[in-house]
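From first to last, the protein sequence lines are chains A and B. Quick note: the working numbering has the first sequence finishing at residue 112, numbered continuously throughout. Quick note: the working numbering has the second sequence finishing at residue 112, numbered continuously throughout. For every residue, glycine included, the Cβ atom is placed at its ideal position computed from N, Cα and C.
2 protein chains.
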Amino acid sequence: MATTQRGGRERVPPHPDIRTIGLQQVLEALVDPVRRLIVSELYAAPEALSCGTIELPVSKSTATHHFHVLREAGLIRQYYAGTSRMNALRRDEFDESFPGLLDALMARADRA
Amino acid sequence: MATTQRGGRERVPPHPDIRTIGLQQVLEALVDPVRRLIVSELYAAPEALSCGTIELPVSKSTATHHFHVLREAGLIRQYYAGTSRMNALRRDEFDESFPGLLDALMARADRA
DNA sequence: GTCAAACTTTGATGGCCATCACACTTTGAC
DNA sequence: GTCAAAGTGTGATGGCCATCAAAGTTTGAC
Numbered sequence: 001m002a003t004t005q006r007g008g009r010e011r012v013p014p015h016p017d018i019r020t021i022g023l024q025q026v027l028e029a030l031v032d033p034v035r036r037l038i039v040s041e042l043y044a045a046p047e048a049l050s051c052g053t054i055e056l057p058v059s060k061s062t063a064t065h066h067f068h069v070l071r072e073a074g075l076i077r078q079y080y081a082g083t084s085r086m087n088a089l090r091r092d093e094f095d096e097s098f099p100g101l102l103d104a105l106m107a108r109a110d111r112a
Numbered sequence: 001m002a003t004t005q006r007g008g009r010e011r012v013p014p015h016p017d018i019r020t021i022g023l024q025q026v027l028e029a030l031v032d033p034v035r036r037l038i039v040s041e042l043y044a045a046p047e048a049l050s051c052g053t054i055e056l057p058v059s060k061s062t063a064t065h066h067f068h069v070l071r072e073a074g075l076i077r078q079y080y081a082g083t084s085r086m087n088a089l090r091r092d093e094f095d096e097s098f099p100g101l102l103d104a105l106m107a108r109a110d111r112a
């Protein structure tokens, strides 16, 4: 009893309703270059990617932190596949709440 | 001699070439809610506004700091008119370098 | 010249956040 | 069961940045 899911720590993390998310939170998420790197990889990918397939210039625990922030800001959706955690952009939903924002940012993803 | 302009402190402050400005700097400028407030006032105004006409929830010295950051990020142009400092959005130039970004952000300027 | 208005500069302070190492958990393979 | 792989959680730390008060500067008005 109470083996794996103790204390409300879900295996599928909570995803906020994008309509409850403000511009401030989104900008705070996207101002970090590592997080923008993640988003641009997902933006370019045809499907979900595991955390490990995205090369990041930070430690694993920091990477976890960044994915967490992006999820809380409504930018990505996460789910487990085996021991890997998959990540996908919530692109359509996000575009509905913030029309044009993602495209405008990703158009410049390469140039610093 | 050496009355007003000592030490290279110009009365007309330097304005960067927008093409030299990166997305990172722009986002760092726009992530601050006070600075977004300034930008949205200028976005809505038909002409340049003096610092004083924009009501801000911070002290004067902090306001000066925010205008400085916005100028360095290529978002506004500043010039003196008497003892007032006027501010205007560098809208067309900025749109050329960051197409759609300002519009996408200002569309949400009200909602947090 | 004097004065007030409108900013600017300087220095100090506080809080937040990205970062890491280290220990831990979960899962799939053998 | 054992083991390795892939992340997660927990402090702790450091640096940066928004903020302010106080003193200074510049200008126009009188």
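Just tell me which of B/PRO57, B/TYR80, B/ARG90 has its CA closest to the CA of B/ASP17. To locate residue 17 of chain B, count along the second sequence from 1; it is residue 17. Ranking the options by Cα distance to B/ASP17, first place goes to B/ARG90.
Next item on the list: Kindly list, in the order they appear in chain B, the residues whose Cβ is closer than 8 Å to that of A/GLU28.
Entry: Residue 28 of chain A sits at position 28 when you count from the first residue of the first sequence. Under the 8 Å cutoff, chain B gives VAL31.
(Q) Can you pull the chain A neighbours of B/ARG90, defined as C-beta to C-beta under 7 Å? (A) Counted from its first residue, the second sequence places residue 90 of chain B at position 90. Under the 7 Å cutoff, chain A gives no residues; its nearest Cβ is about 17 Å from B/ARG90.
* So what does DSSP say about A/LEU75, is it helix, strand or coil? -> On the first sequence, position 75 is the one that residue 75 of chain A refers to. In the structure shown, A/LEU75 sits in coil (DSSP, three-state: anything other than H, G, I, E or B).
(Q) Let's test the definition: count the other Cβ atoms within 10 Å of the Cβ of A/ARG9 and tell me whether it reaches 16, buried, or not, exposed. (A) Counting from 1 along the first sequence, the entry for residue 9 of chain A is found at position 9. With a pLDDT of 48 at A/ARG9, under the threshold of 50, the predicted position of this residue should be treated as unreliable, though the coordinate-derived value follows. By the 10 Å Cβ count, A/ARG9 comes out exposed.
Let me see if you follow: with CB-CB separation under 7 Å, is B/LEU70 close to chain A or not? Locating residue 70 of chain B in the second sequence gives position 70, counting from the first residue. Output row for B/LEU70: interface = no.
- Item | chain A residues whose Cβ lies nearer than 7 Å to that of B/ALA112 | Start at 1 with the first residue of the second sequence, and residue 112 of chain B comes out as number 112. Chain A residues near B/ALA112: GLY22, LEU23, GLN24.
- Distance, Cα to Cα, B/LEU102 vs B/PRO33? On the second sequence, position 102 is the one that residue 102 of chain B refers to. On the second sequence, position 33 is the one that residue 33 of chain B refers to. If I take the Cα positions, the gap works out to 14 Å.
Q) Can you list the alpha helix (DSSP H) stretches of 4 or more residues lying completely in the stretch 19-75 of chain A, in chain order? A) 23-30, 33-44, 60-72
Taking only beta-carbon positions, decide if B/THR52 is within less than 7 Å of chain A.
-> On the second sequence, residue 52 of chain B is found 52 positions in, with the first residue counted as 1. Correcting the residue identity first, residue 52 of chain B is Gly in this sequence and not Thr. By this cut-off, B/GLY52 is not an interface position.
*If you check the beta carbons only, do B/GLY74 and B/ILE21 fall under 7 Å apart?*
As a working mapping, residue 74 of chain B is identified with position 74 in the second sequence. As a working mapping, residue 21 of chain B is identified with position 21 in the second sequence. Contact: yes.
- [ ] May I ask you to report which of helix, strand or coil DSSP gives B/ARG85?
- [x] Position 85 of the second sequence, counted from the first residue, corresponds to residue 85 of chain B. DSSP places B/ARG85 in strand when its eight states are reduced to three.
message: Beta-carbon within less than 8 Å of A/HIS66's beta-carbon, same chain only, minus the 5 sequence neighbours each way: which residues are those?
response: For the purposes of this step, residue 66 of chain A is taken as the residue at position 66 of the first sequence. For A/HIS66, where only same-chain residues beyond five positions count, the Cβ hits under 8 Å are ASP32, VAL34, ARG35, ILE38, LEU56, VAL58.
Check whether the Cβ of A/ALA73 lies closer than 7 Å to any Cβ atom in chain B.
Working through the first sequence from its first residue, we reach residue 73 of chain A at position 73. Judged by the 7 Å Cβ criterion, A/ALA73 is not in contact with chain B.
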